[in-house]
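**Q**
Residue numbers (this note's numbering): 56 to 312.
#1: Per DSSP, what kind of secondary structure is residue 119 in: helix, strand or coil?
#2: May I ask you to report which of helix, strand or coil DSSP gives residue 194?
#3: Can you tell me whether residue 277 is helix, strand or coil according to DSSP?
#4: Just to confirm before moving on: does the CB-CB distance between residue 195 and residue 215 stay below 7 Å?
#5: Determine the extent of the alpha helix (DSSP H) in which residue 12 is found, giving its start and end residues.
#6: If you compare alpha carbons, which of 100, 79, 140, 151 is closest to residue 118?
#7: May I ask you to report which of helix, strand or coil DSSP gives residue 287?
#8: Nearest to residue 123 by alpha carbon, out of 256, 141, 263?
#9: By the three-class DSSP mapping on this structure, what secondary structure does residue 89 have?
#10: Could you work out which residue in 99, 77, 218, 180 is closest to residue 156 when comparing CA atoms only?
#11: Near residue 312, which residues of its chain fall below 6 Å by C-beta distance, leaving aside the five closest residues on each side in sequence?
#12: Along the chain, where does the beta strand (DSSP E) that runs through residue 71 open and close?
#13: Taking the C-alpha atoms as reference points, what is the distance between residue 57 and residue 88?
#14: Can you name, in chain order, every residue of its own chain whose Cβ lies under 8 Å from the Cβ of residue 275, other than the five neighbours on each side?
#15: Give me, in chain order, the residues of the same chain whose beta-carbon lies closer than 7 Å to that of residue 310; leave out the 5 immediate sequence neighbours on both sides.
#16: Are the region 97-116 and the region 289-302 touching by the rule of at least three beta carbon pairs closer than 8 Å?
#17: How big is the Cα-Cα spacing for residue 234 and residue 144?
#18: Taking residue 244 as part of the alpha helix (DSSP H), name the residues at either end of that continuous run.
#19: CA-CA distance, residue 257 and residue 76?
#20: So which of 186, 213, 167 has the shortest CA-CA distance to residue 227?
#21: What's the C-alpha gap between residue 236 and residue 202?
#22: How about residue 200 and residue 159: do their beta carbons lie closer than 7 Å?
#23: Do you know how far the Cα of residue 161 is from the Cα of residue 71?
#24: Less than 7 Å between the beta carbons of residue 96 and residue 306, yes or no?
#25: Given residue 242, which residues of its chain have a CB within under 6 Å of its CB, disregarding the five upstream and five downstream residues?
#26: What would DSSP say about residue 270, mapped onto helix, strand or coil?
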């Protein structure tokens with residue numbers, strides 16, 4: 056199925072975000088369809104983070120619309136949006152470093168099942184939570200570390216736990232914000248391959264990646280969107296994007312290997 060005919064999942068049309076006189080985003084449109092792996096690139100200050108925050112319901116756009124599976128999601132918040140099927144890596148490890156791998160995944164599982172917060176001793180008795188935790192941990196190769204505090208994991212595995220927390224929500228669209236930040240160059244591909252294999256296993260239909268590493272973007276993307284000064288300056292299939300020296304020069308100042 057081609058990009059043009061695949062079912063559209065996430066659709067932002069003419070999105071702008073202003074803070075008084077400051078324009079963080081201006082007239083940005085972006086679509087993510089089933090089967091897409093779309094990367095958003097651009098220098099610091101390009102508007103990538105603001106776009107992600109609008110797409111995940113943290114910010115309501117000043118103008119424009121954002122829909123997910125045909126429903127307006129502008130400003131509904133990431134928790135409700137996660138329940139509807141669009142999840143962003145939680146970075147719970149940074150927030151709760153003393154929780155174990157199992158407890159971290161339980162937080163996400165409770166959110167997915169719309170359970171009120173419970174003591175972990177009670178959560179462990181919930182068959183639905185246990186099933187989600189075990190399946191997600193297995194998909195990411197974290198079963199042996201289920202009782203390990205997140206702070207004790209190597210950095211690459213902590214990053215995987217962040218993504219695993221998002222996948223415990225059973226999303227159809229997964230948004231990854233620099234999932235390999237701080238990971239050694241040698242380990243980046245391992246992290247990406249693990250999370251992509253887990254995404255396939257757990258039913259993710261499309262991925263939106265925000266990333267600075269253009270070599271990584273080139274290897275995994277089906278399409279690349281370039282941002283500059285709050286505007287979208289390119290939205291092209293990966294091969295075409297990488298051959299566009301003008302866009303590459305604006306975005307990163309160099310080509311990729």
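From the three backbone atoms N, C-alpha and C, an ideal C-beta is built for every residue, glycine too.
**A** Concretely, from the data shown:
#1: strand
#2: helix
#3: coil
#4: yes
#5: In the structure displayed, the chain extends from 56 to 312; residue 12 sits before or after that span and is not available.
#6: 79
#7: strand
#8: 141
#9: coil
#10: 218
#11: For residue 312, the predicted model reports a pLDDT of 47, less than 50, meaning its position is unreliable; a value from the coordinates is still stated below. Excluding positions up to five away in sequence, the list reads 270.
#12: 63-74
#13: Because the pLDDT of residue 57 is 45, which lies under 50, any placement of that residue in the model is unreliable, and the number read from its coordinates should be weighed accordingly. Rounded to the nearest angstrom, the two C-alpha atoms are 10 Å apart.
#14: 92, 94, 247, 251, 264
#15: Note on residue 310: pLDDT 47, under 50, position unreliable in the model; no value is reported.
#16: no
#17: 8 Å
#18: 240-256
#19: 43 Å
#20: 167
#21: 25 Å
#22: no
#23: 36 Å
#24: yes
#25: 211
#26: helix
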